[in-house]
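To keep things clear, I will list the structure first and then write my remarks on it.
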Amino acid sequence: MSIPQQLRYSKEHEWLSAAEDGVSTVGITEYAANALGDVVYADLPAVGTTVTAGETCGELESTKSVSELYSPVTGEVTEINEDVQADPSLVNSQPFEGGWLFKVRISEEPGDLLSADAYAAITTSA
């Protein structure tokens, strides 16, 4: 399982990129994508809405279940991945590249995100 070192992770299995001009990218991890199964629908937060760290902001529906999507940070959504809305399977095939979900301008620095090593520790013990 891939866990890129440059990203930070939530306990709910979302990842967050380093901010570029104050904007970070959010997606779900390979671990979460595998647990969900084949993703068939993505309900993402609308551009311009405010998301809050640790709160739900959308849903991912797979052939097995519906899973809530949590925001790892607080901020304003600046972009959603329209490619994922057109082809939700990108979440499974490219969770860290083309399968990203949304971009957010962070208004509050997250305090409880995990490093790649800390995230690996919780997913391998699960």
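Position in the sequence shown counted from 1, then plus 27, gives you this note's numbering.
A virtual CB, placed ideally from N, CA and C, is assigned to each residue, including glycine.
Original post:
Is ASN108 near VAL66, with beta carbons less than 8 Å apart?
Top reply: no
**OP:** Determine the contact status of SER94 and LEU87, defining contact as a CB-CB distance below 8 Å.
**Re:** yes
Original post:
Identify the residues that DSSP records as bridge partners of SER129: which are they?
Top reply: Before going further, note that residue 129 is Phe rather than Ser in the sequence given. DSSP, once it has assigned bridges, lists VAL53 and ILE107 as partnering PHE129.
**OP:** Using a threshold of 8 Å, state whether the C-beta atoms of LYS91 and GLY49 are closer than that.
**Re:** no
**OP:** Report yes if the CB atom of VAL74 is closer than 8 Å to the CB atom of THR52, and no otherwise.
**Re:** no
Original post:
Are the Cβ atoms of ALA59 and VAL111 separated by less than 8 Å?
Top reply: no
Original post:
When the Cα of PRO31 is compared with those of LYS38, TRP42 and ARG132, which residue comes out closest?
Top reply: TRP42
Original post:
From LEU117, GLU57 and SER134, pick the residue whose C-alpha is nearest to that of THR151; which is it?
Top reply: GLU57
Original post:
Is LEU149 buried or exposed, if buried means 16 or more other CB atoms sit within 10 Å of its CB?
Top reply: Strictly speaking, residue 149 in this sequence is Ile, with Leu absent from that position. It counts as exposed.
**OP:** Note the first and the last residue of the continuous alpha helix (DSSP H) segment covering ASP139.
**Re:** Careful: ASP139 lies outside any alpha helix (DSSP H) and carries neither H nor E.
Subject >> Span of the alpha helix (DSSP H) around VAL118 >> reply: 117-120
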